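Chemist: Have a look at the structure that comes next, please.
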Amino acid sequence: MSQQGEKPWFTYLLRCADSTLYCGVTNDIRRRLEAHRSGRASRYTCCRLPVRLVCISGPMEKPEAFRLERKIKLLPRRLKVKALREHGPKE
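Using the working numbering, you'd call the opening residue of the sequence shown number 661 and step up by one each time.
Listed below in C-alpha cells is the structure:
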C-alpha cells in the first residue's frame, strides 16, 4: 500500500437469496458483510437477504479496487466470478 498504516481495499462478490450477484468494495470485509447481512449496507441487498460471500479479490489500493468493481459490474453474470477470482484469493 502507498501510505504507512493505510488498510488495503478489496473488491467482493455476494450471492443474494434470489441468486443475483452484488459487487462491492471495502477495506473491512467483516464489517461490510455484517452490514449486508443485517440489511444496512445497500438498498440492493437489504431486500434480497440472506447474502453469501462468493469471492474476494486480493488486497489493493482504493482506486484499483473501485476500478475492478466497475469492470466486474459491466461484465455479463457468467464472467463476474471468474474475473474477480483472477485478482486474488477465493472465498
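We put the CB at the ideal spot given by N, CA and C, even for glycine. Only a predicted model underlies this, so the values are computations on that prediction, with no experimental measurement involved.
Roughly how many whole angstroms lie between the Cα atoms of M720 and E729?
Modeler: 12 Å
Chemist: Nearest-angstrom Cα distance between G684 and P736?
Modeler: 16 Å
Chemist: Report all residues from its chain with a CB closer than 6 Å to the CB of Y704; omit the five preceding and five following residues, and keep chain order.
Modeler: Y682
Chemist: Would DSSP call R697 helix, strand or coil?
Modeler: helix
Chemist: Report the start-end ranges of each beta strand (DSSP E) in the segment 666-739 that is 3 residues or longer and not cut off at the edges.
Modeler: 670-676, 681-686 and 711-716
Chemist: Take S679 and list the residues in its own chain whose beta-carbon comes closer than 8 Å to its own, dropping the five residues that flank it on each side.
Modeler: None.
Chemist: Roughly how far, in whole angstroms, is the beta-carbon of A743 from the beta-carbon of I732, given that I think they are within contact range, below 8 Å?
Modeler: Rounded, the Cβ-Cβ distance is 6 Å, consistent with contact.
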